[in-house]
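One structure is given below, encoded as structure tokens.
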Amino acid sequence: MKIDGTTHAFGDRIDTDLLSPGAYMKGPIEEMAKHCLEAIDPEFPARSQLGDIVTAGFEFGTGSSREQAASCLLLNGIGCVLARSFARIFYRNALNLGLPVLVCPTAHEIPAGTRLVVDPLAGTATEAGGRVHSCEPIPERLMQMVAAGGLIPFLEQTRTQ
Amino acid sequence: MTHPPQTLTQKILARAAGRDTVRPGEIVTVSVDLAMMHDSGGPRRVKPMLERLGAQVWDPEKVVVVSDHFVPAVDVDSAQILDLTRKWARETQVRRFFDMKGICHVVLPENGLIQPGMMAVGGDSHSCTGGAWGAVMVGVGATDMLGVLVTGEIWLRVPSTVRFTCQGSLPPGVSAKDIMLHLCATVDPVSMNYRVAEYAGPAVEAMEMSERMTLCNMSAELGAKTGIIAPDATTHDWLAQVGAGVGDLEVLGDPEAEIEREVVIDTPALAPQVAAPHSPANTHAVTDSLGTRVTQAYIGACTGAKLNDLHMAAKVLKGRRVADDVRLLLAPASTKITAEAARDGTLEILTEAGAILLPSGCGACAGMGAGILADGEVCIASTSRNFQGRMGSSKAEVWLASPYTVAAAAVTGAIADPREMLA
Ligand code: SF4
Chain A
1 MKIDGTTHAF
11 GDRIDTDLLS
21 PGAYMKGPIE
31 EMAKHCLEAI
41 DPEFPARSQL
51 GDIVTAGFEF
61 GTGSSREQAA
71 SCLLLNGIGC
81 VLARSFARIF
91 YRNALNLGLP
101 VLVCPTAHEI
111 PAGTRLVVDP
121 LAGTATEAGG
131 RVHSCEPIPE
141 RLMQMVAAGG
151 LIPFLEQTRT
161 Q
Chain B
1001 MTHPPQTLTQ
1011 KILARAAGRD
1021 TVRPGEIVTV
1031 SVDLAMMHDS
1041 GGPRRVKPML
1051 ERLGAQVWDP
1061 EKVVVVSDHF
1071 VPAVDVDSAQ
1081 ILDLTRKWAR
1091 ETQVRRFFDM
1101 KGICHVVLPE
1111 NGLIQPGMMA
1121 VGGDSHSCTG
1131 GAWGAVMVGV
1141 GATDMLGVLV
1151 TGEIWLRVPS
1161 TVRFTCQGSL
1171 PPGVSAKDIM
1181 LHLCATVDPV
1191 SMNYRVAEYA
1201 GPAVEAMEMS
1211 ERMTLCNMSA
1221 ELGAKTGIIA
1231 PDATTHDWLA
1241 QVGAGVGDLE
1251 VLGDPEAEIE
1261 REVVIDTPAL
1271 APQVAAPHSP
1281 ANTHAVTDSL
1291 GTRVTQAYIG
1301 ACTGAKLNDL
1311 HMAAKVLKGR
1321 RVADDVRLLL
1331 APASTKITAE
1341 AARDGTLEIL
1351 TEAGAILLPS
1361 GCGACAGMGA
1371 GILADGEVCI
1381 ASTSRNFQGR
1391 MGSSKAEVWL
1401 ASPYTVAAAA
1411 VTGAIADPRE
1421 MLA
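In order, the protein sequences belong to chains A and B. Residue 143 in this note's numbering sits at position 143 of the first sequence; the count goes up by one each step and never skips. Residues are numbered in this note's numbering as their position in the second sequence, beginning at 1, plus a constant of 1000.
Now the structure itself:
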């Protein structure tokens, strides 16, 4: 599974309230997703396309344990997040929901709007211009779950096999 | 056979993994002694997943459900969530269901449910609060929780330990909250990722449980996997008082066990701290922000509205009045704390000063209950997070501080040094 998309660049400490604002917690997740990251980038929900990639600095997903933070990115079409580091609960949540997230020490050097191909198993992110960024690969066993769409579909698949 | 020395956290994880020892960095599967969920991330999210898989809860006796985020219902949506939570607890025979009794991280220990040596998970990022009892308690998301509910197990990476040694004792007007805010500003969160923060030293040993809870609670803001404090006589006294006893899982770390690093805190030199918007990392001494106007002061949350926190606020507010153009909102962390504060006179002091009493729950801390901010408003809060938009408008500002400092700001209408009001 490779992800081929255009990047949206963010800074450090993109927290769960920016990703999934608490004010929309009671309503349907689709509604919350329309407000994903709007506090710092009002155009993000409208601009993001299926398969796009989010890049960010340190501590992406810091804050709450709410899984909606990862779901809101998925609902905006985001196919992958590259960050210099992730908050641990967000990291687990994202993989559990089928969103590949990779630690990439040079993620902040990738300009917004870059066409990027990410190979989670190999741990590479290749810019259209040719620059290759190395990332911490996602182990194959975990990638099987991610590729299935997350833990629940994966469990369903393995139970029916 | 002799084993290499193990930290407190290693010993708990080894026992839960059915092993003699575990090494930091290893991934182990542990059995879970306690799984806690609340109304926001709990039944409403795991119920459909359980149904989809046709699976059952592995052991309802080990599950605790607390309704605290949407309480009391303010609209039909929140009422439906609370109703679903109640029905699910009944259907799945989860006996330990606490409906509007207070915030989960406070209600659990009030009922003696967190015991030393436990391996516990909670569907909330501040589940690390349970570490104050010498347990390993980690926060997980709803899908991870589903895995626990179905199997009774979870995989974890064994964390290395970073020990925060708090030397000496806390000066007047300075509290555990100030220690944590100071650490948020001075410790690189990336260096805490996947580590456990262990709090030790004379200042921690002297703390009562509610202050130790604040240390462990804000381990989340430090970026740690969780926080932990070795159980001692203070821990045992709490458990005896709530009629729970210590249980049989208690362990202590080996003194010579290897840790990753130690951070020494010169506790007596600490001044009251404030975190400027929009991150706990933006912390500095209160004296750097004196005079910043506030429109709301909030004493609430699992972090900052325990009985001891209310006592701190009362010390400042006794015989004083909240400034005319400020509202002081008070949401005690549990109904038990409200009752205790009524009994010991604290509520009288606070309400005489002008505090407005709110229900016990997450409330404004999570931007869900009463106390939401408008554009341009400035709030100083005893909560743990001041992320942009968390307490309402993304154009509002939230400052974090101890209950002393929040109370002092309420009196003067601007950020003030509480030490000057503690005669
Ligand atoms: S009071 Fe705030 S920090 Fe504590 S559990 Fe509730 S929302 Fe989370």
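All C-beta atoms, glycine included, are put in the ideal place defined by N, C-alpha and C.
- Within the same chain, Gly1367, Ile1372, Leu1373 come within 6 Å of glycine 1392 of chain B by CB-CB distance, once the 5 residues on both sides are set aside.
- Against chain A, the CB of threonine 1303 of chain B has no partner CB under 8 Å away; the residue lies outside that interface.
- Residue environment for alanine 1269 of chain B: exposed (fewer than 16 other C-beta atoms within 10 angstroms of its C-beta).
- At least one beta carbon of chain B lies nearer than 8 Å to the beta carbon of serine 64 of chain A.
- Taking a C-beta cut-off of 9 Å against chain B, none of the residues of the region 129-147 of chain A qualify.
- If one requires a minimum length of 3 residues, the beta strand (DSSP E) runs lying completely within the region 1177-1237 of chain B are 1196-1200, 1226-1228, in chain order.
- Excluding sequence positions up to five before and after aspartate 41 of chain A, its CB lies within less than 8 Å of the CB of His8, Phe10, all in the same chain and listed in chain order.
- For methionine 1036 of chain B, DSSP records a beta bridge to B/Val1064, B/Gly1122.
- Proximity of leucine 1053 of chain B to chain A, defined by a Cβ-Cβ separation below 8 Å, is satisfied.
- For histidine 8 of chain A, the enclosing beta strand (DSSP E) starts and ends at 3-9.
- In terms of Cβ geometry, aspartate 1124 of chain B and asparagine 96 of chain A do not form a close pair [threshold 8 Å].
- With distances taken between CA atoms, aspartate 1375 of chain B lies nearest to B/Gln1296 out of B/Gln1296, B/Gln1167, B/Arg1090.
- Contact between proline 1060 of chain B and glutamine 1093 of chain B holds: CB atoms are separated by about 5 Å, below the 8 Å threshold.
- Interface flag for proline 1189 of chain B against chain A is set, since a Cβ pair is found closer than 8 Å.
- If you compare the alpha carbons of B/Asn1282, B/Ala1055, B/Pro1005 with that of valine 1150 of chain B, the shortest gap goes to B/Ala1055.
- When C-alpha distances from serine 1191 of chain B are compared across B/Ser1210, B/Leu1183, B/Gly1223, B/Glu1258, the shortest belongs to B/Gly1223.
- With a cutoff of 8 Å on beta-carbon distance, methionine 1180 of chain B and glutamate 1221 of chain B are scored as near each other.
- In the three-state DSSP reduction, arginine 115 of chain A falls in the strand class (E or B).
- Chain A has a Cβ within less than 8 Å of the Cβ of alanine 1366 of chain B.
- A straight line joining the alpha-carbon of asparagine 1308 of chain B with that of glycine 1147 of chain B spans about 36 Å.
- Looking from the CA of threonine 62 of chain A, the closest CA among A/Arg13, A/Glu31, A/Leu151, A/Val103 belongs to A/Arg13.
- In the DSSP assignment, isoleucine 110 of chain A falls outside any alpha helix (DSSP H), carrying neither H nor E.
- Secondary structure remark: continuous alpha helix (DSSP H) runs of at least 4 residues inside the region 1098-1147 of chain B, in chain order: 1104-1110.
- Going by C-alpha positions, threonine 1226 of chain B is about 25 Å away from valine 1057 of chain B.
- At least one heavy atom of ligand 1 falls within 7 Å of the beta-carbon of histidine 1105 of chain B.
- Not a single C-beta of chain A is nearer than 8 Å to the C-beta of tyrosine 1298 of chain B.
- In the three-state DSSP reduction, valine 1326 of chain B falls in the coil class, being neither helix nor strand.
- Taken from the Cβ of aspartate 1068 of chain B, at least one heavy atom of ligand 1 lies inside 7 Å.
- By the Cβ-count criterion, histidine 1126 of chain B is buried, with 16 or more other Cβ atoms from all chains shown falling within 10 Å of its own Cβ.
- Taking C-alpha positions only, alanine 1408 of chain B is separated from glutamate 1420 of chain B by approximately 9 Å.
- For the region 1385-1397 of chain B, the residues whose beta carbon sits under 8 Å from a beta carbon of chain A are, in order, Arg1385, Phe1387, Gln1388, Gly1389, Arg1390, Gly1392, Ser1394.
- Taking a Cβ-Cβ threshold of 7 Å, the residues of chain A close to asparagine 1193 of chain B are Ser85, Arg88, in chain order.
- Rounded to the nearest whole angstrom, the CA to CA distance from phenylalanine 90 of chain A to lysine 1336 of chain B is 33 Å.
- Per DSSP, the continuous alpha helix (DSSP H) segment holding isoleucine 1012 of chain B begins and ends at 1008-1016.
- At a Cβ-Cβ threshold of 8 Å, arginine 1096 of chain B and valine 1064 of chain B count as neighbours.
- Excluding five sequence positions before and after glutamine 1388 of chain B, the CB atoms of its chain that fall closer than 8 Å to its own CB belong to Pro1277, His1278, Ser1394, given in chain order.
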